[in-house]
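>
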Amino acid sequence: MFRNRKSPIRSLKIVVFIAFLLIAEGCKTSKVARPEEFYNPVTTEVEPSVINIPLKFYKTELLKAINDKIGDMLYEDTNLKDDGMAIRAKKRENITIDINENEISYRVPVDLWIKKDVMISVVEAEGALALEFSTKFTIKPDWSLETQTELKNHKWLKEPVVKLGFADLPITSIANIVLKQGRTTFAKSIDTEVKHLFDLKKQMEAAWKEMQAPFLLSDEYKTWLLINPQSVGMTPMRSNGSTVESTVVIVTKPAVYLGEKPATPTASKLPAFSYATAGADNFALFLDTDVSFKEAERLSKQNMVGEVFSHKNKQVKVEDVGLYGQGNKLVVRTNLKGSYNGDVYLIAKPEYNAEANQIQLKDVDFDFSSQKVLMKSASWLFKGPMKKQIQDNLDFYLAHNLDDAKKAIQENLNDYQLAPGINLHGLLDDLSISHVYVASNGIRVRIGLKGKLNLDVKGLGL
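This is the structure we're talking about:
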C-alpha cells in the first residue's frame, strides 16, 4: 500500500538538487559592474586641405552663343537715295576666338554685297572683309565680369571689283561704313554675350552654397560628407586648343560623418575674388570620420545579435550589444543568455593595420569586473571563441565601412553636378588612415584621400 509514496531520502535528494540549481543560477546571473566611461581630449586639429580643380570653358559654347546672337546678317542698308550706295554684310564663315589671361580676341569674316549708283547705271559687286575684335575683361571682387570690346583691325580678304572699267567703288567709304557698324553693334553684342556666358558670380555662388551642404555618400551606411570650404581663388585663364582653362583653388576642412545627417552649417558668403597659384591637378584631403556609437551599435548588432558561442556542453547567445569609450579604448557591452545570463564587458584598443588596410581591435579582453564574476560562474567563456569572434565581427564592420565609403566617393566623383552646367569628374587614387581614436561621440578615424579632379563648364547661360 506504500508503493506510490516517495521515500524521505529520495525527497531530500530532489530538494538538494533544486537548491543546487537555484544556487548555480544565482551564480550565473551575478551582476557585472559597468566599467567607468571617460574620454581623452582630442588635441590634434585636421590640417587644411587644398583642392586644385582644373576648370575648362569650351570655346564652342561662347562661339555658338555669339553666332546665335549676332546671326548671319550683320548689316544691311538697301537705300540708294541717301548716299547712292547700298551695302549688305553677311557672316562669311565661323567666328574664331582666342583667350589668354584677361583678353579675348575674335576674328569675324564677312561677305559684302555692294550696289552703287554710278549715274548712268547701277552696278553691283561682291567682296570679303575680316574684322578683328578684342575684349578685355577684369574679374571684380564680387566675381562679376567687367568687359570692354573694341574693333582692333580689319583686312580685305577680297576687294570688291566691278567689271565696268569706268565705274570705281569707294573702297575706303565701304570699309568705314562696315567698321562703324562693327563698333556700335558687333562690339556691344560681344560684350553682352561674354558677360552672360562667363557669369562667374552666379555660378560660383551656386557652387559655394552647394559645397557647404552635407552630401550623402552612402545611403546604406548613412555616410555624409561636409566639405567645409574656407576660401576659394582662381588662376588666370589661358587658351588651350578648343578650351579656355583655369584652375579653381579651394582650401577646405572636410569631415565625414556616419549616422544621422549632420546639421547644415550657417551658409557663409562667397569670399571675394582673388587670383591664386595652383599646384598639380590633384587633391589631398585630410578629414575626420566619426563613426557614432549609435551607428556602430546598430551595425554591430546586425553582425553579432543572435551569435551563439559554445564550449563543450555550454553555450550562450548574444542578445544585445553596446559600445562606449574608456580613454582611448573601446568598451564592448555584450548581453548574453543561456548557460550564462547577463552582461559582460570587453575592452579593446582600435588600431589601424596598414598592411591589411583595416581598423582592428587589439588586446581584446574581459574587463576586471567581468573576469572576477566569470571566474566564479562561467570560467568556460575564457576558453571559448567569444573574444576572437567579437573582435573579428567589429574588424569586419569597420573595414567594410571604409571600403563602402571609398566606392561611394569614387562613384560620385565620376560625374557630379555642382551647379547647372558645372560637372565635377575625378579619380580617387588612394584612401589611407593616419589616426584612430575614441572620442566622446564615437570612433574617430582620420582619413587621407588622394586623387585627381577636373571641372567641366558647359552650356552656361544657355
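In this note's numbering, the protein residues as written are 162 to 623.
Idealized CB from N, CA, C, for every residue including glycine.
1. Tell whether a beta-carbon distance below 8 Å holds between Tyr-436 and Met-398.
2. Please report the residue range of the beta strand (DSSP E) in which Ala-250 lies.
3. Could you check where the alpha helix (DSSP H) with Arg-459 kicks off and where it finishes?
4. Assuming Arg-494 contacts Gly-483 (C-beta within less than 8 Å), just tell me the rounded distance between them.
5. Can Thr-408 and Ala-439 be called in contact, C-beta distance under 8 Å?
6. Nearest to Lys-478 by CA position, among Asn-464, Met-234 and Tyr-485, is which residue?
7. Under the assumption that Asn-240 contacts Ala-250 (Cβ atoms under 8 Å), give the Cβ distance between them as a whole number of angstroms.
8. So, with DSSP's three-state summary, where would you put Phe-163?
9. Shortest alpha-carbon distance to Val-597 belongs to which of Ile-411, Arg-459, Val-452 and Gln-552?
10. For Leu-542 and Asp-526, which I take to be in contact (beta-carbon distance under 8 Å), what is that distance rounded to the nearest angstrom?
11. Could you pull the start and end residues of the beta strand (DSSP E) that Lys-510 belongs to?
12. How about Phe-294 and Leu-312: are their beta carbons less than 8 Å apart?
13. Let's see if you can read the secondary structure: which residues bound the alpha helix (DSSP H) around Met-536?
14. Report buried or exposed for Pro-415, applying the criterion of at least 16 other Cβ atoms within 10 angstroms of its Cβ.
15. With distances taken from CA atoms, which of Leu-589, Val-505 and Gly-488 is nearest Tyr-200?
16. Given that a residue counts as buried once 16 or more other Cβ atoms are within 10 Å of its Cβ, and exposed if not, what is Thr-384?
17. So, do the stretch 512-532 and the stretch 208-225 have three or more beta carbon pairs nearer to each other than 8 Å?
18. Just the Cα atoms here: how many angstroms apart are Glu-264 and Ile-604?
19. Touch check for the stretch 361-380 and the stretch 253-260: three-plus C-beta pairs under 8 Å?
20. Measure the alpha-carbon distance for Ser-400 versus Ser-601 and round it to whole angstroms.
21. State the CB to CB distance for the pair Gln-550 and Leu-522, rounded to an integer number of angstroms; the pair is presumed to be in contact (CB under 8 Å).
22. What residue does the alpha helix (DSSP H) around Glu-371 start on, and which one ends it?
23. Who are the Cβ neighbours of Thr-257 in its own chain at under 6 Å, not counting the five residues just before and after it?
24. Residue range of the alpha helix (DSSP H) that Val-355 falls in?
25. Helix, strand or coil for Glu-480 per DSSP?
26. Short of 6 Å in beta carbon distance, which residues of its chain neighbour Ile-388, apart from the five on each side in sequence? Order them along the chain.
Concretely, from the data shown:
1. Translated into positions along the sequence shown, residue 436 becomes position 275. Translated into positions along the sequence shown, residue 398 becomes position 237. Going by C-beta atoms, Tyr-436 is not nearer than 8 Å to Met-398.
2. Stepping through the sequence shown from its first residue, residue 250 is reached at position 89. Segment 246-252, the beta strand (DSSP E) holding Ala-250.
3. Position 298 of the sequence shown, counting from 1, holds the residue named residue 459. Where Arg-459 is concerned, the enclosing alpha helix (DSSP H) stretches over 454-465.
4. Translated into positions along the sequence shown, residue 494 becomes position 333. Translated into positions along the sequence shown, residue 483 becomes position 322. Right, their Cβ atoms sit about 4 Å apart.
5. Sequence index remark: in the sequence shown, residue 408 carries index 247 (1-based). Sequence index remark: in the sequence shown, residue 439 carries index 278 (1-based). Yes; because the gap between Cβ atoms is below 8 Å, this pair is in contact.
6. Within the sequence shown, residue 478 is the residue found at index 317, counting from 1. Residue Asn-464 is the option with its Cα nearest to Lys-478.
7. Working through the sequence shown from its first residue, we reach residue 240 at position 79. Working through the sequence shown from its first residue, we reach residue 250 at position 89. Contact doesn't hold; Cβ gap of about 15 Å is too wide.
8. In the sequence shown, residue 163 corresponds to position 2, counting from 1. Any answer about Phe-163 is weak, because its pLDDT of 37 lies below 50 and its placement is not dependable; what the coordinates show is given next. Residue state, collapsed to three classes: coil.
9. Numbered from 1 along the sequence shown, position 436 holds the residue referred to as residue 597. For Val-597, the nearest C-alpha among the options comes from Val-452.
10. Position 381 of the sequence shown holds residue 542. Position 365 of the sequence shown holds residue 526. Their Cβ separation, rounded to whole angstroms, is 12 Å, which puts Leu-542 and Asp-526 out of contact at 8 Å.
11. On the sequence shown, residue 510 is found 349 positions in, with the first residue counted as 1. Where Lys-510 is concerned, the enclosing beta strand (DSSP E) stretches over 503-514.
12. On the sequence shown, residue 294 is found 133 positions in, with the first residue counted as 1. On the sequence shown, residue 312 is found 151 positions in, with the first residue counted as 1. Result yes, Cβ atoms of Phe-294 and Leu-312 sit closer than 8 Å.
13. For this step, residue 536 is matched to residue 375 along the sequence shown. Run containing Met-536: 529-538, per the alpha helix (DSSP H) assignment.
14. In the sequence shown, residue 415 corresponds to position 254, counting from 1. That one is buried.
15. If you number the sequence shown from 1, residue 200 lands on position 39. It is Gly-488.
16. Sequence index remark: in the sequence shown, residue 384 carries index 223 (1-based). With 16 or more Cβ atoms within 10 Å of its Cβ, Thr-384 is classed as buried.
17. no
18. In the sequence shown, the residue the question calls residue 264 occupies position 103. In the sequence shown, the residue the question calls residue 604 occupies position 443. Near 52 Å, if we compare the C-alpha coordinates of Ile-604 and Glu-264.
19. no
20. For this step, residue 400 is matched to residue 239 along the sequence shown. For this step, residue 601 is matched to residue 440 along the sequence shown. Ser-400 and Ser-601: Cα-Cα distance of roughly 52 Å.
21. Within the sequence shown, residue 550 is the residue found at index 389, counting from 1. Within the sequence shown, residue 522 is the residue found at index 361, counting from 1. Between the beta-carbon of Gln-550 and that of Leu-522 there is about 12 Å, and that puts the pair past the 8 Å contact cut.
22. By 1-based counting over the sequence shown, the position of residue 371 is 210. Looking at the DSSP string, the run of the alpha helix (DSSP H) that includes Glu-371 is 361-372.
23. The residue you call residue 257 lines up with position 96 of the sequence shown. If we look at Thr-257 and ignore the five residues flanking it on each side, its Cβ neighbours are Arg-268.
24. Along the sequence shown, read from residue 1 onward, the residue named residue 355 stands at position 194. Start and end: 348-358.
25. Taking the sequence shown and counting its residues from 1, one reaches residue 480 at position 319. Here Glu-480 sits in strand by DSSP.
26. Reading the sequence shown from its first residue, position 227 is the one you call residue 388. Cβ neighbours of Ile-388 within its own chain (closer than 6 Å, five residues either side excluded): Met-372, Thr-413 and Pro-415.
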